[in-house]
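Peer 1: Take this structure, written in structure tokens, and hold onto it; I'll ask about it next.
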Amino acid sequence: MPMATKPQFVATIVFLLGQLSVAAVYANPNHKVVDAALAVHGKEFSPELHKKATDFYEDAKTKLFDFLEKEAKNDVQKIDGEDLGNTHMVVTRLKRAASQLQLLGEPAGHDFERRGNEMHNHLGRLIAKSQSFPRTQKYIESFRQFINNSAAARSKAILEMHKLAMQGKWEAAENELYRVYDRLDPGTVFLTPEENKAIYSPFSEVDVAITSAMLELRSAKANEILQQAIPDNLPNYAAILAEIDMAITSLGATGQATWHDEQISGPELVTRIGQKWSETQAGALRARGKYWALTRRSYGTYASRSAADPAVAAAIADPNAADKFANDYAAFSRDLMKSFPRLVEAHSARLAGNDVPQTYVAYLRALAPLARQTNSPEFTAALSPALQKLVDKNPQLREGVAAYDSATADLLRWRARVAESHATVQAAEYLPIEKRFHEGTVSNQSYVGLFPETGTQIGAQLLAPAPDVMTTAVKRLMGQKAAVRDIIRLSGESKSAIARFQDNTYGNVPAPLSLEPEVEALKFDLLVSNQAPPLTLMAMQAVLTAERGDMAAIGGEITGVYLEGVITRFAALPNSAAILTTLGQLPTDWSSGVGMSHVLMRFDIGPQWALHDYFFLRLAPRTNTTAPE
Amino acid sequence: MNSRFPPVSCMLLILAAGLSACSKEKFNELIDKTKQHVSTGADKVKQSVTAATDTAKEQLNLAGQAQFNLDSPIVIAGCYASFLHPGEDRPSVLQIRSYRDPAQESFPSMLLRAQVPAKSASELVGQVVTAQLFLQKDSNSPVWYCSPGTHVELKIISADAQTLAAEIIGGTVRHTHKDDNENVTGTLSAVWQ
Chain A
73 MPMATKPQFV ATIVFLLGQL SVAAVYANPN HKVVDAALAV HGKEFSPELH KKATDFYEDA
133 KTKLFDFLEK EAKNDVQKID GEDLGNTHMV VTRLKRAASQ LQLLGEPAGH DFERRGNEMH
193 NHLGRLIAKS QSFPRTQKYI ESFRQFINNS AAARSKAILE MHKLAMQGKW EAAENELYRV
253 YDRLDPGTVF LTPEENKAIY SPFSEVDVAI TSAMLELRSA KANEILQQAI PDNLPNYAAI
313 LAEIDMAITS LGATGQATWH DEQISGPELV TRIGQKWSET QAGALRARGK YWALTRRSYG
373 TYASRSAADP AVAAAIADPN AADKFANDYA AFSRDLMKSF PRLVEAHSAR LAGNDVPQTY
433 VAYLRALAPL ARQTNSPEFT AALSPALQKL VDKNPQLREG VAAYDSATAD LLRWRARVAE
493 SHATVQAAEY LPIEKRFHEG TVSNQSYVGL FPETGTQIGA QLLAPAPDVM TTAVKRLMGQ
553 KAAVRDIIRL SGESKSAIAR FQDNTYGNVP APLSLEPEVE ALKFDLLVSN QAPPLTLMAM
613 QAVLTAERGD MAAIGGEITG VYLEGVITRF AALPNSAAIL TTLGQLPTDW SSGVGMSHVL
673 MRFDIGPQWA LHDYFFLRLA PRTNTTAPE
Chain B
597 MNSRFPPVSC MLLILAAGLS ACSKEKFNEL IDKTKQHVST GADKVKQSVT AATDTAKEQL
657 NLAGQAQFNL DSPIVIAGCY ASFLHPGEDR PSVLQIRSYR DPAQESFPSM LLRAQVPAKS
717 ASELVGQVVT AQLFLQKDSN SPVWYCSPGT HVELKIISAD AQTLAAEIIG GTVRHTHKDD
777 NENVTGTLSA VWQ
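Protein chains in written order, with the working numbering: chain A, 73 to 701; chain B, 597 to 789.
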């Protein structure tokens with residue numbers, strides 16, 4: 073795998089020395105702690121391994137910083153050879169934890185392995201340089217004496233390992249093997265190949281047996297965990313659609329819907345179905361994420377073992393299975409979308425004309441947020457006939473809605489035109505965030521990042537250890553002007569809004585924004601007051617999104633960057649974060665499935681302008697830009 | 597621009613001119629075919645005639661006209677007014693635009709809109725109402741519009757069953773590609789939609 077160059081690693085060290093020396097407060101490498109570890113998605117084994125690997129990394133890093141500083145000052149003779157050897161051993165332990173994390177489908181393991189390889193690379197060079205110095209020579213001689221004196225103890229240890237292996241106590245055998253190896257590693261890095269062959273060859277038979285057995289055991293366990301995680305998270309689409317059908321039937325029969333043993337109104341049923349839809353999407357994303365972890369994890373010799381669950385076995389065997397998750401979910405969403413017009417029609421058939429106006433407005437209020445979250449013209453179009461049928465039951469309302477539409481639809485068309493015109497002005501200065509992401513992480517002659525210098529690649533991928541990638545990325549990206557799109561506030565009261573996932577990025581923007589003058593002007597134009605609500609779905613969506621702060625785009629400076637594993641982000645997505653992706657579909661950015669090296673970036677944006685569907689507002693005084701490094 | 601099809605009466609005259617070369621039976625057959633041709637194409641004729649009529653009227657200033665004075669004068673052929681009553685709890689809306697409906701929009705294009713407490717346009721004659729203006733020279737050009745805090749002042753000069761005359765006597769608009777407000781005046785002579 074391509075390695076970062078020495079200057080890049082040194083640049084990372086210099087950068088890290090300049091940062092606050094704190095334990096990683098944030099999971100995932102970020103602008104404040106570029107070498108924080110990538111997070112893990114698993115709950116079994118992964119957290120413990122993650123902690124182990126992080127501790128080994130921090131320990132080795134501290135030592136390596138010191139060694140490299142001395143090397144830079146031509147003071148290699150001041151480095152304690154035993155210290156070098158011990159650090160080499162710690163990195164070996166780091167790489168063991170990294171490979172076990174990768175067996176569990178954790179991208180963090182992939183990055184830890186990269187970090188470990190790079191550290192071993194530097195340590196190898198320092199070890200070679202240090203060998204000729206008297207201080208190290210003294211250590212090597214005392215180590216040779218230790219080797220001679222402990223030969224019998226090593227033979228005894230091999231017999232013990234053999235015995236444990238014969239008893240099937242593989243973990244105990246492995247612990248013993250690593251106990252011995254970790255005592256040998258610090259010194260054998262200085263010895264000759266012939267000396268090492270004499271020391272290690274007696275272990276080869278028992279090493280192979282223990283390593284193979286533990287790999288098989290660990291892989292099988294990881295298989296079991298990940299395979300189970302798929303059906304644990306994958307929603308039962310048929311059951312959900314059936315539940316919705318029953319609720320609509322009860323609404324049509326009695327005027328109230330039965331939903332989870334509760335009697336609720338038609339508009340409330342719309343809201344509950346929307347919530348269920350959102351939870352279902354989160355489940356589908358998690359299931360697909362776990363599938364990626366299962367089928368694309370490293371050391372995959374054991375990854376394709378037959379699965380206990382036939383459905384999962386079929387999925388593993390099918391090269392297009394990753395698409396199947398997206399396709400099945402899309403089919404479910406299409407069916408679910410059809411339930412909304414049916415719901416309105418079923419309720420409408422029961423309503424007396426006098427009850428229609430209030431109910432109609434309540435449906436608009438419940439449906440408008442879903443129209444925004446799906447961003448689907450098909451969703452809105454399918455609702456139109458059902459809503460018209462409802463309106464037609466009250467001739468006065470029908471007239472009023474028609475007149476209201478005549479008085480507001482063209483206004484909104486012009487407002488959208490004004491907003492779009494403003495957006496084109498901003499485009500030159502505020503590049504789309506995915507362009508900034510590429511600019512900030514594309515490789516060149518002195519930098520290995522997330523995208524190759526030439527040629528194409530599916531998605532963003534770690535081509536070097538994350539700290540090296542992030543050191544340059546942070547310098548290139550922080551303070552840059554960028555525009556994020558499709559922003560939805562987490563809730564009406566939340567302090568942040570999410571620019572939803574697209575092109576390997578998502579964004580975080582503070583909320584609320586100061587939009588009052590524009591919101592009030594929009595409501596005035598739409599003839600809305602406390603006594604007079606919007607009377608079309610388009611107008612209701614315009615008002616509700618403006619009041620919440622759901623924006624078409626926001627432009628500002630990049631104030632934070634966070635690197636995440638794609639598998640991790642989706643395999644561990646909580647229901648509350650389902651808003652991350654457009655409702656009704658799973659992202660399909662990766663045609664051939666997502667692997668261990670695939671990453672995405674979250675951006676924090678300090679907003680300077682906001683673009684709604686129907687207005688544009690500058691939020692801060694214009695400042696001069698400074699040229700990037 | 598002429599209508600796509602010549603009037604039926606013209607076609608019949610043309611046919612009659614060739615009568616000497618045709619038998620009477622042949623002549624009736626041709627008439628029937630002509631009528632059939634006209635009736636099956638009647639809807640298409642009606643639509644294109646309406647559009648063509650509007651355009652023709654616009655060119656002859658029979659469909660209203662608007663003129664705006666900004667950095668340079670903008671003259672728009674076609675000016676259609678509506679007086680809308682969106683409901684008891686809402687003000688009436690006087691809407692003036694350069695197209696009968698958005699599908700027929702051409703450029704330069706404009707929408708002028710005022711919320712008024714009146715029940716009819718005639719009540720507004722002689723009054724000055726606050727309005728918002730949207731104006732665009734062509735489909736890719738910037739837009740003039742009234743941002744929060746800006747408006748135009750529209751004086752209603754006259755209103756009868758067929759027409760509405762009004763004048764923008766003051767006010768400002770913003771330009772989407774600039775940061776400042778611009779003064780605007782203008783005249784509108786609209787036909788009721």
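Where a beta carbon is used, it is the ideal one built from N, C-alpha and C, also for glycine.
Since the structure is predicted, the reported quantities are computational estimates derived from the model, not experimental observations.
(1) Rounded to whole angstroms, what's the CA-CA distance from residue 633 (chain B) to residue 473 (chain A)? Just pull it up for me.
(2) What is the DSSP secondary structure of residue 241 (chain A), reduced to helix, strand or coil?
(3) Determine the DSSP secondary structure at residue 222 (chain A), reduced to helix, strand or coil.
(4) Taking Cβ positions, are residue 632 (chain A) and residue 671 (chain A) nearer each other than 9 Å?
(5) Tell me the residue span of the alpha helix (DSSP H) that contains residue 295 (chain A).
(6) Are the C-beta atoms of residue 683 (chain B) and some chain A residue less than 9 Å apart?
(7) I want to know whether the region 666-677 of chain B touches the region 697-711 of chain B - three or more CB-CB distances under 8 Å.
(8) Could you tell me if the beta carbon of residue 280 (chain A) falls within a distance shorter than 8 Å of some heavy atom in the ligand FMN?
(9) What do you reckon, are the CB atoms on residue 125 (chain A) and residue 205 (chain A) nearer than 9 Å?
(10) Relative to the C-alpha of residue 195 (chain A), which residue among A:175, A:283, A:492 and A:158 is closest?
(11) In chain B, which residues lie with their C-beta within 8 Å of the C-beta of residue 489 (chain A)?
(12) Tell me which same chain residues have a C-beta within less than 6 Å of the C-beta of residue 418 (chain A), skipping the five on either side of it?
(13) Does the distance from the CB of residue 359 (chain A) to the CB of residue 453 (chain A) come in under 9 Å?
(14) Taking the DSSP output, what are the residues bridged to residue 662 (chain B)?
(15) Can you find a CB in chain B that lies within less than 9 Å of the CB of residue 515 (chain A)?
(16) Let's see if you can read the secondary structure: which residues bound the beta strand (DSSP E) around residue 205 (chain A)?
(17) Determine the contact status of residue 504 (chain A) and residue 585 (chain A), defining contact as a CB-CB distance below 9 Å.
(18) Quick check: the Cα distance between residue 378 (chain A) and residue 289 (chain A), rounded to an integer number of angstroms?
(19) Looking at the secondary structure, which residues open and close the alpha helix (DSSP H) in which residue 361 (chain A) lies?
(20) Can you grab the Cα-Cα spacing for the pair residue 663 (chain B) / residue 681 (chain B), in whole Å?
(21) Could you give the first and the last residue of the continuous beta strand (DSSP E) run that contains residue 763 (chain B)?
(22) Is the region 303-322 of chain A close to the region 342-357 of chain A, with three or more CB pairs under 8 Å?
(23) Under DSSP, the alpha helix (DSSP H) around residue 160 (chain A) begins and ends at which residues?
(24) Just to confirm before moving on: does the CB-CB distance between residue 677 (chain A) and residue 623 (chain A) stay below 9 Å?
(25) Using 10 angstroms around the beta-carbon of residue 765 (chain B), count the other beta-carbons present and answer buried if the total reaches 16, otherwise exposed.
(26) At the 9 Å Cβ level, is residue 696 (chain B) part of the contact set with chain A, yes or no?
(27) Check the Cβ-Cβ distances between residue 679 (chain A) and every residue of chain B, and say whether any is below 9 Å.
(28) Should residue 164 (chain A) go down as buried or exposed, given a rule of 16 or more other Cβ atoms within 10 Å for buried?
(29) Going by alpha carbons, who is nearest to residue 753 (chain B) out of B:724, B:667, B:775 and B:788?
(30) Hey, is residue 781 (chain B)'s beta-carbon within less than 9 Å of any beta-carbon in chain A?
(31) Report the neighbours of residue 691 (chain A) on chain B: residues whose CB is nearer than 7 Å to its CB, in chain order.
(32) Would you list the one or two residues that DSSP bridges to residue 681 (chain A)?
(33) Between residue 707 (chain B) and chain A, is any beta-carbon pair separated by less than 9 Å?
(34) What separation, rounded to the nearest whole angstrom, lies between the Cα atoms of residue 335 (chain A) and residue 328 (chain A)?
(35) Quick one: what's got a C-beta closer than 7 Å to residue 689 (chain A)'s C-beta in the same chain, skipping five residues either side?
(36) Hey, does residue 593 (chain A) have any beta-carbon neighbour from chain B nearer than 9 Å?
Peer 2: Inspection of the coordinates gives the following:
(1) Note that residue 633 (chain B) scores 44 on pLDDT, short of 50, meaning its location in the model is unreliable; the coordinates nonetheless yield the value given after this. In this structure, the CA atom of residue 633 (chain B) is about 40 Å from the CA atom of residue 473 (chain A).
(2) Three-state DSSP puts residue 241 (chain A) in coil, outside helix and strand.
(3) Residue state, collapsed to three classes: coil.
(4) Their beta carbons are not under 9 Å apart, which means residue 632 (chain A) does not touch residue 671 (chain A) by this criterion.
(5) In the DSSP assignment, residue 295 (chain A) falls within the alpha helix (DSSP H) that extends over 276-305.
(6) By this cut-off, residue 683 (chain B) is an interface position.
(7) Segments in contact, yes.
(8) Ligands in the displayed structure: none, and consequently the ligand FMN is not present.
(9) No, the Cβ-Cβ distance between residue 125 (chain A) and residue 205 (chain A) is not below 9 Å.
(10) Of A:175, A:283, A:492 and A:158, the residue nearest in Cα terms is A:158.
(11) Contact annotation for residue 489 (chain A) against chain B: 730, 732 and 739 [CB-CB distance below 8 Å, chain order].
(12) Around residue 418 (chain A): 320, 323 and 324.
(13) Taking 9 Å as the cut-off, the Cβ atoms of residue 359 (chain A) and residue 453 (chain A) do not count as close.
(14) Listed as beta-bridge partners of residue 662 (chain B) by DSSP are B:672 and B:784.
(15) No - not a single Cβ of chain B is within 9 Å of the one on residue 515 (chain A).
(16) No beta strand (DSSP E) holds residue 205 (chain A); DSSP gives it neither H nor E.
(17) Not in contact: residue 504 (chain A) and residue 585 (chain A) (Cβ atoms no closer than 9 Å).
(18) Residue placement at residue 378 (chain A) is poorly supported in this model, since its pLDDT is 44, which falls under 50; the coordinates are not used for a value here.
(19) Counting along the chain, the alpha helix (DSSP H) containing residue 361 (chain A) begins and ends at 338-368.
(20) Taking the straight line from one Cα to the other gives about 27 Å.
(21) 759-771 is the span of the beta strand (DSSP E), which, as asked, contains residue 763 (chain B).
(22) These segments touch.
(23) Run containing residue 160 (chain A): 153-175, per the alpha helix (DSSP H) assignment.
(24) Not a contact, by the Cβ cut-off of 9 Å.
(25) Counting Cβ neighbours within 10 Å, residue 765 (chain B) comes out exposed, since fewer than 16 surround it.
(26) In terms of beta-carbon proximity, residue 696 (chain B) stays away from the interface with chain A, with every pair separated by 9 Å or more.
(27) No, its Cβ sits nowhere closer than 9 Å to a Cβ of chain B.
(28) Buried: at least 16 other Cβ atoms inside 10 Å.
(29) Of the candidates B:724, B:667, B:775 and B:788, the one whose C-alpha sits nearest the C-alpha of residue 753 (chain B) is B:724.
(30) It does not; no Cβ of chain A falls within 9 Å.
(31) Within 7 Å Cβ-Cβ: nothing; residue 691 (chain A) doesn't reach chain B, min ~14 Å.
(32) According to DSSP, which records beta bridges pairwise, residue 681 (chain A) is partnered with A:627 and A:690.
(33) So, interface residue.
(34) Between residue 335 (chain A) and residue 328 (chain A), the C-alpha separation is close to 6 Å.
(35) These residues qualify, in order along the chain: 587, 590, 681 and 682.
(36) So, interface residue.
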